[in-house]
Amino acid sequence: MAIRNIREIGDEVLLKECRKIEKMTPHLEELIDDMFETMYEAGGVGLAAPQVGVLKRVVVIDVTGEDPLCLINPVIVESSGEQTGYEGCLSVPGKSGVVTRPAYVKCRALDRNMNETEIEGTELLARCIAHELDHLDGKLYVDKVEGELYDTVTDEEGDD
Ligand code: NI
Numbered sequence: 542m543a544i545r546n547i548r549e550i551g552d553e554v555l556l557k558e559c560r561k562i563e564k565m566t567p568h569l570e571e572l573i574d575d576m577f578e579t580m581y582e583a584g585g586v587g588l589a590a591p592q593v594g595v596l597k598r599v600v601v602i603d604v605t606g607e608d609p610l611c612l613i614n615p616v617i618v619e620s621s622g623e624q625t626g627y628e629g630c631l632s633v634p635g636k637s638g639v640v641t642r643p644a645y646v647k648c649r650a651l652d653r654n655m656n657e658t659e660i661e662g663t664e665l666l667a668r669c670i671a672h673e674l675d676h677l678d679g680k681l682y683v684d685k686v687e688g689e690l691y692d693t694v695t696d697e698e699g700d701d
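Residues in the sequence shown are numbered consecutively from 542, following my numbering.
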């Protein structure tokens with residue numbers, strides 16, 4: 542496993558549509574392992590493949606620190622309600638802003654064994670799924686921010 546370089550806003554790779562994954566390969570296994578390691582190291586709760594420069598439809602999420610989720614070709618099949626709150630992104634370091642997301646989402650995807658899976662989420666998990674899936678379509682939360690993009694406090698450096 543290896544820590545990959547996280548691409549930051551301004552990098553065109555973050556604005557591109559990702560391709561569907563057809564089959565699991567050793568290469569993809571390695572990508573997924575690296576994405577988890579990179580996300581944990583950066584203290585994030587989610588990471589999408591384009592954030593490490595790979596235009597494939599895969600995201601990793603772990604909102605509790607003990608529930609790692611790998612979602613391949615994920616699609617939100619149901620959503621309801623609204624939640625409005627602060628959001629940040631590892632590709633937009635030092636910033637956060639207010640974004641409205643669904644209060645509940647149901648997501649259909651393949652797991653890392655390429656078996657179909659369905660994940661339901663509320664609160665942070667719903668927000669995170671919506672945020673990471675946006676990355677796969679080249680969308681960043683900064684375009685959805687209500688009001689200003691704020692600077693986060695600097696003592697978050699290395700606070701993971
Ligand atoms: Ni993000």
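Where a beta carbon is used, it is the ideal one built from N, C-alpha and C, also for glycine.
Of the residues L681, E689, V686 and T693, the one placed nearest D552, counting alpha carbons only: What you label residue 552 is simply residue 11 of the sequence shown in a count that begins at 1. Cα-wise, what sits closest to D552 is L681.
Span of the alpha helix (DSSP H), counted from its first residue to its last, around T579: Taking the sequence shown and counting its residues from 1, one reaches residue 579 at position 38. For T579, the enclosing alpha helix (DSSP H) starts and ends at P567 to A583.
DSSP three-state assignment for C630, whether helix, strand or coil: Taking the sequence shown and counting its residues from 1, the one referred to as residue 630 is at position 89. Coil.
Beta-ladder partner(s) of Y682, from DSSP: As a working mapping, residue 682 is identified with position 141 in the sequence shown. Secondary-structure assignment with DSSP links Y682 through no beta bridge to anything.
With 16 other Cβ atoms within 10 Å as the buried cut-off, status of V599: In the sequence shown, the residue the question calls residue 599 occupies position 58. V599 should be labelled buried.
Residue span of the alpha helix (DSSP H) that contains C669, given as start and end: For the purposes of this step, residue 669 is taken as residue 128 along the sequence shown, with counting starting at 1. Counting along the chain, C669 sits inside the alpha helix (DSSP H) bounded by residues E664 to L677.
Best match in G679, L631, V683 and P643 for proximity to I545 [C-alpha to C-alpha]: Position 4 of the sequence shown, counting from 1, holds the residue named residue 545. Inspection of the sequence shows that residue 545 is occupied by Arg rather than by Ile. In this structure, L631 is the residue among G679, L631, V683 and P643 with its C-alpha nearest to the C-alpha of R545.
Reference A543; option with closest CA among K561, E582 and E549: Locating residue 543 in the sequence shown gives position 2, counting from the first residue. Nearest C-alpha to A543 among K561, E582 and E549: E582.
C648: CB within 7 Å of a non-hydrogen atom of the ligand NI: Here the question's residue 648 lines up with position 107 in the sequence shown. No, the Cβ of C648 stays beyond 7 Å of every heavy atom of the ligand NI.
Rounded distance between the beta-carbons of Y627 and S637, thought under 8 Å: Stepping through the sequence shown from its first residue, residue 637 is reached at position 96. Stepping through the sequence shown from its first residue, residue 627 is reached at position 86. Contact between S637 and Y627 holds, with the beta-carbon distance rounding to 5 Å and staying under 8 Å.
In DSSP terms, what T508 is bridged to: There is no way to answer for residue 508, as the model of the chain reaches only from 542 to 701.
Simplified DSSP state of D701, which is helix, strand or coil: Counting from one through the sequence shown, the residue named residue 701 turns up at place 160. Residue placement at D701 is flagged as unreliable, the pLDDT there being 48, under the threshold of 50; a coordinate-derived value is accordingly withheld.
Backbone CA spacing between E659 and I670 [nearest angstrom]: Counting from 1 along the sequence shown, the entry for residue 659 is found at position 118. Counting from 1 along the sequence shown, the entry for residue 670 is found at position 129. Going by the C-alpha atoms only, they are around 12 Å apart.
Separation of G688 from P609, as counted between CA atoms: Taking the sequence shown and counting its residues from 1, the one referred to as residue 609 is at position 68. Taking the sequence shown and counting its residues from 1, the one referred to as residue 688 is at position 147. Going from the Cα of P609 to the Cα of G688 covers about 32 Å.
8 Å contact criterion, which C648 and I613 should meet: CB distance rounded: Looking up residue 648 in the sequence shown gives position 107. Looking up residue 613 in the sequence shown gives position 72. C648 to I613, Cβ: 11 Å. No contact.
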